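Numbering-wise (our numbering), the sequence shown opens with residue 326 and increments by one.
Cβ atoms here follow ideal geometry from the backbone N, Cα and C, with glycine treated the same way.
A quick note: this is a predicted structure, and the numbers were derived from the prediction, not measured.
One structure is given below, encoded as structure tokens.
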Amino acid sequence: MVRFNAPQPLWSISIILSSTLIFYMALRGVYASLALIIVASASYIIFGFGWATLIYAFSVLVLFVYEFGFDGWTVLSMIIILCIFEFISLVYWIFLNPLGFKVPLIYDLAFLELSSSSLLSSLSPMVLVFTLFFWILKPVLSLFNIRFRGLIINGWFSRKPFMDFAILSLSIAISIVASIYPYIPSLNPNFYPVGVDFRYYEEALWGFEVNPWSAFKFFGGSRPLLIPLLYLFKCLFGFDVRTAVTFAPIILNPLLVFSIFMVVWRGFGNLRLASVSALFTSMGFKIVVNMYSYFLANVSALIFIFFSLSLLFVHLDSKSRVALVLAVALYSMALLIHPWTYIQFSGSLALFLLYSMLKFRGVVGVLREYYGVVLMLAPSIPMALILLILGGSQFWIIYGLFRALNLGNLYNYWYNSFFIGFILYGGFQLNFFTLTSALIALLIPSCGVCDDILRFTVIASSIVYPFLDGMLQSRVLFNLPLEVYSAMLVYWLSISRGIGFRMRSSIISLAVLSQLNYLFRCLANVI
């Protein structure tokens with residue numbers, strides 16, 4: 326049973342609202358509603374005040390919906406009420422909590438929202454299965470004549486770029502605030518570093534100052550490029566080692582948001598979709614998990630890969646050789662920063678090429694069209710062997726990942742899902758909204774090459790996912806571009822002509838408010 330720790334004022338508000346609805350229904354001739362007062366009284370005698378209030382509110386709501394239906398006004402009203410609820414909770418996490426104020430009713434509403442979100446999050450492991458294996462779910466649904474229409478993505482919003490760049494600016498601002506929020510003095514008076522992996526980067530940067538070759542000893546020599554980049558950041562701003570590592574996310578988080586913007590803009594050619602993708606990335610699980618665990622290498626590799634993919638899409642569109650050279654260079658650097666992430670995306674690109682060959686029934690035509698993708702993958706093995714001579718461990722990591730696949734992890738799949746969803750990273754990684762909205766968007770037919778490549782990151786990852794242990798599964802999920810597909814669903818809502826303007830605005834506002842709540846609620850608890 327799920328128990329909501331709602332205090333007395335909220336129960337009183339629930340009783341007042343339920344009684345108001347009963348009075349309204351009685352005036353409309355629904356006299357059966359008066360019987361619910363008797364039901365509530367009997368429930369109070371048997372179960373007590375808390376359960377009686379819950380039964381009273383739920384039965385009134387069910388009768389109201391049964392009598393008057395879910396018409397547009399009812400749905401809009403409920404969404405607006407939820408928006409107000411989320412807004413009040415957000416005020417607490419952004420303003421009142423850092424100031425140490427606990428206004429009783431607002432504090433109670435914020436923690437009621439936390440309880441509600443926790444209830445939805447308990448469904449996330451199941452939704453995750455459908456999201457990862459959407460490519461199996463989609464043909465199964467088609468057997469029952471359940472199909473999703475294609476989404477037309479074009480440059481319609483590019484004629485009004487001011488709003489799109491305003492959204493991008495807001496996204497970058499949110500990512501910067503998210504990097505600073507855990508260090509607010511009232512939340513973290515002793516200025517403790519919040520990231521689990523913080524000490525590893527601090528020790529490595531200290532060692533690099535003494536001996537630059539020590540970069541090849543960081544995590545077994547698998548990430549030699551990251552420490553010089555951190556050292557460059559330290560020197561540019563004149564920080565000491567501890568401060569440089571502490572505030573590295575102030576640079577990395579906005580760069581991650583901007584790289585997502587670039588890959589969607591250059592891949593889909595739509596500024597609005599790109600800016601909305603940046604917005605949901607700035608409020609998403611990548612930022613939260615990075616602040617909790619300090620995945621500086623993982624995030625840096627994602628930044629290099631997403632920028633390289635954006636240049637790849639420029640090349641595919643214009644056949645620019647300069648863009649291709651830069652794409653190959655940036656993509657290859659990811660191998661020197663975080664080999665796991667590099668391998669995941671390389672497998673996705675390889676599977677995309679294989680799919681293209683089967684789809685077009687020819688190797689030569691695919692290689693002629695997508696030779697840029699082949700060139701991005703080509704340096705991986707030679708680089709791994711050369712780095713092996715210099716002391717790097719990229720080759721052994723690639724080999725070790727294949728050895729990590731075993732059937733025992735498939736047997737422990739649900740245990741691993743529980744571990745990822747509720748224990749690892751404070752239970753912050755599985756975001757119910759992101760998973761659900763991404764699932765719906767993934768069931769929509771693909772919109773082009775960019776969409777194909779991003780979908781294949783999910784498909785390729787899902788093939789190996791059940792055979793990995795919980796820690797590796799969490800890293801696979803961390804790298805997936807699910808925020809892009811959440812944004813795609815929101816984009817569809819924003820241009821849908823079948824939904825009224827007020828309804829669209831309310832749904833989008835609810836999505837943004839709920840994700841802002843998720844972001845700051847989690848950040849307040851990473852300390």
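Given that a residue counts as buried once 16 or more other Cβ atoms are within 10 Å of its Cβ, and exposed if not, what is residue i?
i: Tyr736; result: exposed
i: Glu411; result: buried
i: Ala812; result: buried
i: Met701; result: buried
i: Phe482; result: The predicted position of Phe482 is uncertain, since its pLDDT is 46 and thus under 50; a value taken from the coordinates is nonetheless stated next. Buried, by the Cβ-count rule.
i: Val688; result: exposed
i: Asn731; result: exposed
i: Val327; result: A caution first: Val327 carries a pLDDT of 37, below 50, which makes its placement in the model unreliable, though a value can still be read off. Val327 should be labelled exposed.
i: Thr345; result: exposed
i: Leu936; result: Missing from the structure shown is residue 936; the chain here goes from 326 to 852 and no further.
i: Thr568; result: exposed
i: Ser821; result: exposed
i: Gly563; result: exposed
i: Lys684; result: exposed
i: Lys427; result: exposed
For residue i, which of helix, strand or coil comes out of DSSP?
i: Gln669; result: helix
i: Gln840; result: helix
i: Cys772; result: coil
i: Phe564; result: coil
i: Lys559; result: helix
i: Pro549; result: coil
i: Ser344; result: helix
i: Asn895; result: With the chain running from 326 to 852 in the structure shown, residue 895 is simply not present.
i: Met608; result: coil
i: Leu814; result: helix
i: Ile852; result: coil
i: Phe781; result: helix
i: Asn615; result: helix
i: Leu749; result: helix
i: Asn756; result: coil
i: Val879; result: Here the chain covers residues 326 to 852 and nothing more, so residue 879 does not appear.
i: Tyr790; result: helix
i: Arg800; result: helix
i: Leu661; result: coil
Relative to the ligand SAH, is the shortest distance from any of its heavy atoms to the C-beta of residue i smaller than 7 angstroms?
i: Phe541; result: With respect to the ligand SAH, the structure shown offers nothing to examine, as it has no ligands at all.
Using a Cβ-Cβ distance cut-off of 8 angstroms, determine whether residue i contacts chain D.
i: Val519; result: Protein chain content of the structure displayed is limited to a single chain, and chain D is not contained in it.
Taking only runs of the alpha helix (DSSP H) that begin and end inside the segment 465-521, which ones reach a length of at least 4 residues, in chain order? 486-505
Would you say the segment 376-393 touches the segment 348-365, given that touching needs at least three Cβ pairs under 8 angstroms? yes
Report the start-end ranges of each beta strand (DSSP E) in the segment 623-659 that is 3 residues or longer and not cut off at the edges. none
Can you give, in chain order, each stretch of the beta strand (DSSP E) that sits fully within the segment 360-446 and has at least 3 residues? none
Meets three-Cβ-pair contact criterion under 8 angstroms: the segment 599-618 and the segment 548-560: no
So, does the segment 627-640 touch the segment 582-601, judging by three or more C-beta pairs under 8 angstroms? yes
When the Cβ atoms of the segment 659-668 are set against those of the segment 703-713, are three or more pairs found closer than 8 angstroms? yes
Give a yes or no on contact between the segment 590-599 and the segment 521-540, applying the rule of three or more CB pairs nearer than 8 angstroms. no
Would the segment 445-465 and the segment 754-772 be scored as touching if the rule is three or more Cβ pairs under 8 angstroms? yes
How about the segment 832-851 and the segment 418-425: do they share at least three Cβ pairs that are nearer than 8 angstroms? yes
Check whether the segment 822-842 touches the segment 790-805, taking contact to mean three or more Cβ pairs, one atom from each stretch, closer than 8 angstroms. no
Report yes or no: do three or more beta-carbon pairs, one from the segment 386-404 and one from the segment 351-363, lie closer than 8 angstroms? yes
Would you say the segment 606-624 touches the segment 642-657, given that touching needs at least three Cβ pairs under 8 angstroms? no
Between the segment 569-577 and the segment 459-470, are three or more C-beta pairs nearer than 8 angstroms? no
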